[in-house]
Amino acid sequence: MPLVDLIGIHKSFGTNPVLRGIDLSVHEGQVVALIGRSGSGKSTLLRTINGLEHIDDGVISVDGEKIDARDTDLRALRLKVGMVFQQFNLFPHLTAAENVMLAPKVVKKAPQAELRALAVEMLEKVGLGDRLDHYPDQLSGGQQQRVAIARSLAMRPRVLLCDEVTSALDPELVAEVLAVVRKLADDGMTLIMVTHEMRFAREVCDQLVFMHQGRIHESGPPEQVFSAPQTEELRQFLGGIG
Amino acid sequence: MVEFAFSDIVWNLLLALRWTALLSVVAFIGGGAVGLLVLLARLSSRRWLRRLTRGYIEVFQGTPLLMQLFLTFFGLSLVGLDVPAWLAAGLALTLFTSAFLAEIWRGCVEAVPRGQWEASSSLALTYLEQMRWVILPQALRLAVAPTIGFSVQVVKGTAVTSIIGFVELTKAGTMITNATFQPFLVYGLVALFYFLLCFPLSLCAKSLERKFHAAR
Chain S
1 MPLVDLIGIH KSFGTNPVLR GIDLSVHEGQ VVALIGRSGS GKSTLLRTIN GLEHIDDGVI
61 SVDGEKIDAR DTDLRALRLK VGMVFQQFNL FPHLTAAENV MLAPKVVKKA PQAELRALAV
121 EMLEKVGLGD RLDHYPDQLS GGQQQRVAIA RSLAMRPRVL LCDEVTSALD PELVAEVLAV
181 VRKLADDGMT LIMVTHEMRF AREVCDQLVF MHQGRIHESG PPEQVFSAPQ TEELRQFLGG
241 IG
Chain U
1 MVEFAFSDIV WNLLLALRWT ALLSVVAFIG GGAVGLLVLL ARLSSRRWLR RLTRGYIEVF
61 QGTPLLMQLF LTFFGLSLVG LDVPAWLAAG LALTLFTSAF LAEIWRGCVE AVPRGQWEAS
121 SSLALTYLEQ MRWVILPQAL RLAVAPTIGF SVQVVKGTAV TSIIGFVELT KAGTMITNAT
181 FQPFLVYGLV ALFYFLLCFP LSLCAKSLER KFHAAR
């Protein structure tokens with residue numbers, strides 16, 4: 001049984017359909033990249049998986065936790081799904097460690113003694129064990145994004161959503177973030193990412209999903225998708241990005 | 001007739017100044033507490049609650065404080081509640097302050113980037129948890145300076161309560177003027193006392209604005 005199962009997902013912004021019937025299954029430990037032009041619906045699709053975007057129709061199931069268009073209580077789902085954003089969205093009034101500890105403290109009511117150890121463990125995992133008490137504005141973009149990853153991991157999600165996590169970074173800072181993501185993939189974390197880093201996607205992902213006009217246009221293992229695109233749209237997309 | 005020496009005038013005004021200060025503090029604390037509730041309702045996901053609080057804010061922002069005071073004072077006695085002037089004054093100023101503070105604070109909450117809501121949502125925080133731990137602490141930094149700035153308006157606003165017979169600084173000034181026939185001197189001193197109360201608040205607002213502007 002897949003860990004993440006999307007069935008017949010529809011979503012419109014006003015009269016503009018953005019997702020037009022998406023079916024996607026992701027198994028435990030799989031690393032899936034959503035690719036496509038801007039406006040193809042890939043970011044919206046990612047954001048439906050933890051309920052940041054409300055769906056108009058369909059069913060989302062993550063690790064047995066099912067929601068459909070009528071559901072409004074998303075807490076159980078969000079406990080299983082972590083998310084990392086393009087703009088990091090760290091809490092600027094909290095230190096790196098406090099950012100990591102906040103949700104375990106408030107949501108899971110973890111005891112104070114465990115919290116600090118958790119923060120240390122998570123920040124060491126992303127190579128920032130020496131930045132515990134730094135505020136976000138004292139960290140580089142790459143470091144901030146790694147703190148954001150640690151913050152998500154602290155809730156021990158079953159799947160991690162990554163929404164263009166390197167797009168807001170200076171080129172020289174991209175590698176350190178990708179290295180952390182790659183390590184998560186190697187450790188068996190289930191990842192669904194929207195990315196423009198094609199080489200990274202090719203190296204790390206098990207499955208590439210090409211989205212076009214709100215539908216999954218083509219998908220498969222990276223070698224197949226890159227070397228033998230089946231449709232003109234994918235050929236053009238891959239050609240366009242070089 | 002009693003002779004008023006200059007020191008008597010100052011002394012009596014100072015006694016009345018206590019009531020102005022106390023009324024300001026009551027209005028500010030009460031208005032802050034009510035304002036917080038209005039703010040939460042104003043930001044609620046329920047449309048009728050948003051509309052209701054928006055109406056509340058519009059009414060208090062769109063009518064003179066003096067009318068609000070009259071309506072509170074005479075309105076309460078109309079329904080059979082004979083309230084003393086100080087209570088009506090405190091109530092009217094509290095409501096007035098709550099409407100303005102709620103609106104100031106709403107601006108501050110909305111100035112917190114949407115990404116903060118999304119990140120805290122994705123971490124499974126509930127609406128109240130997001131407010132408590134993520135949004136309000138950031139909004140608070142933005143709110144300190146304009147809030148203290150508004151407290152100056154509250155202090156000066158207490159002057160209208162003299163109309164319903166509450167003896168604060170302005171009312172005391174009127175009474176002493178009637179006894180001494182020295183309106184320029186007395187009202188000059190009244191104005192000076194208001195200034196001494198308000199000026200430090202203005203300074204404080206300015207310095208906090210600089211401080212929080214520079215801080216994260």
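Chains as they are written, first to last, in the UniProt record's numbering: chain S, 1 to 242; chain U, 1 to 216.
Glycine is no exception: its CB is placed at the ideal position from the N, C-alpha and C atoms.
Since the structure is predicted, the reported quantities are computational estimates derived from the model, not experimental observations.
Between U/GLY115 and S/PHE85, the C-beta spacing is below 8 Å.
Classified as exposed, S/ASN16 has fewer than 16 neighbouring CB atoms from the shown chains inside 10 Å of its CB.
The alpha-carbon separation between S/LEU6 and S/ILE60 amounts to approximately 5 Å. Against chain S, the CB of U/THR126 has a partner CB under 8 Å away; the residue lies at that interface.
Comparing alpha-carbon positions, the option among S/VAL225, S/GLU218, S/SER40 lying closest to S/ARG202 turns out to be S/VAL225. Here DSSP, grouped into helix, strand and coil, assigns S/CYS205 to coil. Shown here for S/MET101: same chain residues with a beta carbon closer than 6 Å to its own, the five before and five after excluded, namely LEU115, ALA119 in chain order. Taking a 10 Å sphere around the C-beta of S/LYS11, we find 16 or more other C-beta atoms and assign the residue as buried. Per DSSP, S/GLY127 is not a residue of any alpha helix (DSSP H), being assigned neither H nor E.
Under the three-state reduction of DSSP output, S/MET189 falls in the coil class, being neither helix nor strand. In the DSSP annotation of this structure, S/GLU28 is not part of any alpha helix (DSSP H), being labelled neither H nor E. A buried status is given to S/LYS80, since no fewer than 16 other beta-carbon atoms sit within 10 Å of its beta-carbon. Contact check between the segment 69-80 of chain S and the segment 93-101 of chain U: fewer than three CB pairs, one atom from each, fall below 8 Å, which does not count as touching.
If you look at S/LEU234, you'll find it in the alpha helix (DSSP H) that goes 232-240.
Residues of the same chain with a CB within less than 7 Å of the CB of S/GLN87, apart from the 5 flanking positions on each side, are ALA168 in chain order.
When the beta-carbon positions are compared, S/GLN143 and S/ARG131 come within less than 8 Å of each other. By the neighbour-count definition (other C-beta atoms within 10 Å, threshold 16), U/GLU110 is an exposed residue. For U/ILE176, the enclosing alpha helix (DSSP H) begins and ends at 169-180. Inclusion of S/SER140 and S/LEU161 in the CB contact set at 8 Å is not warranted, their separation being larger than that value. Contacts with chain U at 8 Å (Cβ-Cβ) do not include S/VAL62. Just measuring C-alpha positions, the residue of S/ASP56, S/LEU45, S/THR95, S/LYS105 sitting nearest S/MET83 is S/LEU45. With a threshold of 8 Å between beta carbons, U/TRP48 makes no contact with chain S. Using a Cβ-Cβ distance cut-off of 8 Å, the segment 24-43 of chain S and the segment 174-194 of chain S are in contact, since at least three pairs of beta carbons, one from each stretch, lie closer than that value.
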